[in-house]
Amino acid sequence: MLKIENLHVSVGDKPILKGINLQVKAGEIHAIMGPNGSGKSTLSHVLSGKAGYEITQGSITYQGKDLTEMPPEIRAREGIFLAFQYPVEIPGVSNIYLLKAALNAVRKHHGQPEVDAMDFLTLVKHKVKLLEMDEKFLYRAVNEGFSGGEKKRNEILQMAILEPKLCILDETDSGLDIDALKVVADGVNSLRSPDRSFVMITHYQRLLDYIKPDFVHVLAHGQIVKSGGPELALELEEKGYSWLEGQVAA
Amino acid sequence: MSTVTTSRYVTEYDAIAAKLPGQNLPWLQQLRKDALARFSANGFPSPREEEWRYTNVSAIEKKLFSPVLGFVSHPNLQTVDADWLKSQQLEDAWSVVLVNGHFSIDHSKLDGLPEDISIMSIADALVGAKNFSPLLETYLGRAVNIAEHSLIAFNTAWFTDGVFVYVPAKQVLAKPIQLLNIVTEADAMATTRNLVIVAENAEAQVIETFAGLNDAYLTATVTEVFVDQNAQLTLYKLQTESEKAYHFGGTYVKQAKDARFTHHNFAFGGLLARCDIHTELDQASECELNGLYLGVKRQHLDNHTRINHLKPHAISREMYKGVLDDRARGVFQGRVIVAEDAQKTDSLMNNRNLLLSNEAEADTKPQLEIYADDVKCGHGVTVGQLDEKSIFYLQSRCVDEETARNMLTFAFANEMVDKIKIKSLHDKVLEQVLARFPQEGVEKDWL
Ligand SMILES: Nc1ncnc2c1ncn2[C@@H]1O[C@H](COP(=O)(O)OP(=O)(O)OP(=O)(O)O)[C@@H](O)[C@H]1O
Ligand SMILES: [Mg+2]
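Residue numbers (the working numbering), protein chains in the order written: chain V, 28 to 277; chain G, 116 to 562.
Written as structure tokens, this is what we have:
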């Protein structure tokens with residue numbers, strides 16, 4: 028599904044990612060952990076096509092296609108979804124309007140007709156219920172005045188409606204209370220399927236208790252310094268990152 | 116400053132003076148004479164004047180517009196598409212129509228208007244209808260002086276008609292009043308003077324709309340407004356003049372103690388449009404000034420506001436937004452003056468401009484003049500482009516960049532449309548904004 032090879036990324040003159048290698052196959056769940064400022068969000072932004080990052084070396088292949096030349100909306104329509112660490116507030120654009128615009132853009136991209144108004148409402152209301160949200164959120168401006176947790180939940184609502192192929196969750200768990208974490212995790216689990224993959228960026232084992240990863244990677248100083256199974260996350264929880272620092276230069 | 120054209124306007128004046136309303140009234144004769152003298156001496160405003168430095172009116176100096184006189188039943192109105200006229204009239208309002216600067220009773224809809232509320236031609240009121248003449252003598256020229264600027268003098272000398280609205284004490288109007296101004300002739304000048312009085316504890320909503328056929332013409336209108344003690348007036352202005360038209364419109368307000376005045380100013384039309392909104396606040400009165408100007412092509416849209424806090428405890432809120440595309444230019448000059456006496460003033464002024472093209476321009480100039488020491492006054496202005504983070508967020512949600520920009524621009528403008536409380540007007544303004552920034556597949560109640 029996704030193949031990242033020797034990816035080097037700079038912002039301005041500052042190198043941030045320094046040779047990332049990562050392969051995500053269909054149906055897999057990968058967790059990425061790592062200290063603050065190590066480049067996790069940068070990686071997620073580069074995957075979704077945000078401007079301002081320069082790929083100085085390496086390649087990103089998604090479903091056999093070179094991703095780097097694709098504009099962000101085409102990536103999204105092709106099935107890449109980023110749940111933002113800091114979702115953006117869009118005053119004056121209602122949630123439901125964006126959801127419909129997004130869904131229709133995907134459908135058009137795949138040569139499908141626009142969604143029927145009634146079907147759309149039924150779908151949206153079903154997903155709202157799944158995420159235990161109030162329907163009122165649909166008619167509010169996107170993320171405007173939402174609490175931190177509400178924003179995160181709203182990201183997952185969008186994801187649930189768009190049904191992407193590659194879901195990148197950037198610290199979706201931070202800011203969620205214990206009950207909300209469970210609801211969101213259930214929402215994510217309900218989307219699991221053999222042809223859908225997840226990359227979850229997180230600092231905490233707690234999320235991984237609910238959504239069990241197949242692989243755990245540690246990103247430090249712009250490189251993946253260690254990869255392992257779910258047990259690696261437990262080890263990190265116990266020991267922190269310092270024992271891995273020595274491996275950075277290697 | 117006095118140019119050939121200025122003097123042509125002045126020379127022509129003698130020929131038309133006798134046909135202007137109220138010539139039998141010595142006080143008005145004097146007022147017009149003084150105004151003419153002022154205009155003759157000063158000509159049209161010059162960019163050398165601080166209040167006119169961003170707006171050059173030489174175009175109306177070069178061209179000679181002529182008043183349409185002797186309105187009885189206007190022949191040209193028959194050539195105006197009845198559907199077009201109807202589309203300009205709001206369903207849920209009492210409406211009066213001013214055609215080329217003249218009140219047209221034939222096209223007005225005033226059925227069901229309570230008897231003690233007066234909405235009439237100012238020319239009729241001047242000649243004594245309902246004995247309003249003494250009231251007019253007291254109020255006309257009191258909210259704005261001919262010394263304010265020479266277009267006020269021009270309007271005072273030349274006005275052919277206008278609307279007089281009187282809402283007596285304690286009356287709460289069930290429906291809004293629409294003053295629909297249309298111009299149907301090329302090179303015409305529509306010089307109207309309106310007077311709106313909302314007496315103690317009364318409440319009213321008035322909508323001024325301006326539209327015209329696709330000609331070059333000049334609208335020079337002045338509305339004086341008096342909101343008496345504890346009364347409330349919401350005034351809307353929807354300016355959709357023809358794209359070749361010149362529009363100069365001023366609204367001058369005096370608010371008594373505890374009076375509330377809200378103004379919503381939508382400037383969409385005209386080649387060159389200038390709007391002045393001035394208000395004076397007495398003790399504990401409140402005003403809210405909202406504005407939205409959308410400029411395209413080579414439009415020049417100028418908005419001037421002046422809020423004069425004269426007495427303590429008054430509140431003023433102001434939000435003007437501009438969206439400028441192509442080579443359009445928007446101007447906002449907002450003055451807030453807080454007199455020495457006006458302690459505990461609470462004032463906030465904002466102007467936000469969105470530039471959609473590299474050649475568009477926004478000039479914004481907030482001015483605070485504060486002579487009291489215990490006040491809360493804030494202001495903020497911005498001139499900028501759409502937020503890149505927001506565009507990327509929408510793109511990451513499958514929306515292409517152009518659509519994303521369109522969604523964000525519409526949302527920016529719609530904030531001001533959303534403030535309209537009258538449904539028919541709201542829908543009409545929304546329609547105009549949607550025509551500029553179409554939103555696909557959206558339901559009206561999602562906006
Ligand atoms: N636009 C930018 N300009 C300069 N530096 C940047 C920019 N964007 C990111 N960085 C830097 O790149 C590094 C990686 O940032 P990034 O947000 O990817 O970290 P992160 O791993 O997601 O951290 P956290 O766990 O705190 O979310 C940081 O040092 C950050 O300051
Ligand atoms: Mg991050």
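Where is the CB? At the ideal position from N, CA and C, for every residue including glycine.
Fair warning: this is a prediction, and the values are worked out from it, not measured in the lab.
- Within the segment 401-474 of chain G, the runs of beta strand (DSSP E) that reach at least 3 residues and sit entirely inside it are, in chain order, 401-410, 415-424, 430-439, 444-453 and 461-470.
- For Y166 of chain V, the chain G residues whose Cβ falls inside 9 Å of its Cβ are D560 and W561, in order along the chain.
- Apart from the 5 residues on each side of it in sequence, F274 of chain G sits with its Cβ closer than 7 Å to the Cβ of T306, T307 and R308 in its chain, given in chain order.
- The beta carbons of F381 of chain G and V544 of chain G sit closer together than 8 Å.
- Annotation for G137 of chain G: L143 and L241 place their beta carbon closer than 6 Å to its own, counting only its chain and skipping 5 residues before and after.
- When CB distances to chain G are screened at a threshold of 9 Å, the residues of the segment 186-198 of chain V falling below it are L189, in chain order.
- Residues E516 and A519 of the same chain have their beta carbon placed closer than 8 Å to that of Q510 of chain G, with the five preceding and five following residues left out of the count.
- By the neighbour-count criterion, in which 16 or more other beta carbons inside 10 Å mark a residue as buried, V287 of chain G falls on the exposed side.
- By the rule of a C-beta closer than 7 Å to any heavy atom of ligand 2, the residues picked out are V:K67, V:S68, V:Q112, V:D197, V:E198 and V:I228.
- Boundaries for G243 of chain G: no beta strand (DSSP E) harbours it, and the DSSP string shows neither H nor E there.
- For K480 of chain G, the enclosing beta strand (DSSP E) begins and ends at E476 to I485.
- Residue contact with chain V for R512 of chain G: present (Cβ-Cβ distance below 8 Å to some residue of chain V).
- A heavy atom of ligand 1 is found nearer than 7 Å to the CB of V38 of chain V.
- A direct Cα-to-Cα measurement between L250 of chain G and S219 of chain G gives close to 23 Å.
- Collapsing the DSSP output to three states places H248 of chain V in coil.
- Taking a beta-carbon distance threshold of 8 Å, K436 of chain G does not count as an interface residue toward chain V.
- In terms of beta-carbon proximity, N529 of chain G lines the interface with chain V, with at least one pair separated by less than 8 Å.
- Note on Q370 of chain G: 16 or more other CB atoms within 10 angstroms of its CB, so buried under the neighbour-count rule.
- In the DSSP secondary-structure assignment, T307 of chain G is bridged to G:D276 and G:T336.
- By the Cβ rule, the segment 231-241 of chain V does not count as touching the segment 65-84 of chain V, because fewer than three pairs are nearer than 8 Å.
- For E32 of chain V, the enclosing beta strand (DSSP E) has its first and last residue at L29 to V38.
- Under the 8 Å criterion on CB atoms, F507 of chain G is classed as interfacial with respect to chain V.
- Of all residues in the segment 537-556 of chain G, the ones placed with a Cβ closer than 9 Å to any Cβ belonging to chain V are Q554, E555 and G556, in chain order.
- In the structure shown, the three-state DSSP call for L179 of chain G is coil.
- Proximity of the beta carbon of I251 of chain V to ligand 1 is not indicated: no heavy atom of the ligand is located closer than 7 Å.
- A direct Cα-Cα distance of roughly 48 Å separates L200 of chain G from D456 of chain G.
- Within the chosen limit of 7 Å, ligand 1 reaches the beta carbon of S65 of chain V through at least one heavy atom.
- At least one heavy atom of ligand 1 falls within 7 Å of the beta-carbon of I43 of chain V.
- A443 of chain G is not a Cβ neighbour of H424 of chain G, given a cutoff of 8 Å.
- In this structure, Q347 of chain G lies away from W209 of chain G, with their beta-carbon atoms at least 8 Å apart.
- Placement of the Cβ of G175 of chain V at a distance of 7 Å or more from every heavy atom of ligand 1 is found.
- It is roughly 42 Å from the alpha-carbon of W561 of chain G to the alpha-carbon of F242 of chain V.
- By the rule that beta-carbons nearer than 8 Å mark a contact, M522 of chain G touches chain V.
- Not a single C-beta of chain G is nearer than 8 Å to the C-beta of N33 of chain V.
- H217 of chain G: not part of any alpha helix (DSSP H); member of the beta strand (DSSP E) spanning H217 to K224, first to last residue.
- Neighbours of P99 of chain V in chain G, taken as residues whose beta carbon is under 8 Å from its own, are F507, Q510 and S511 in chain order.
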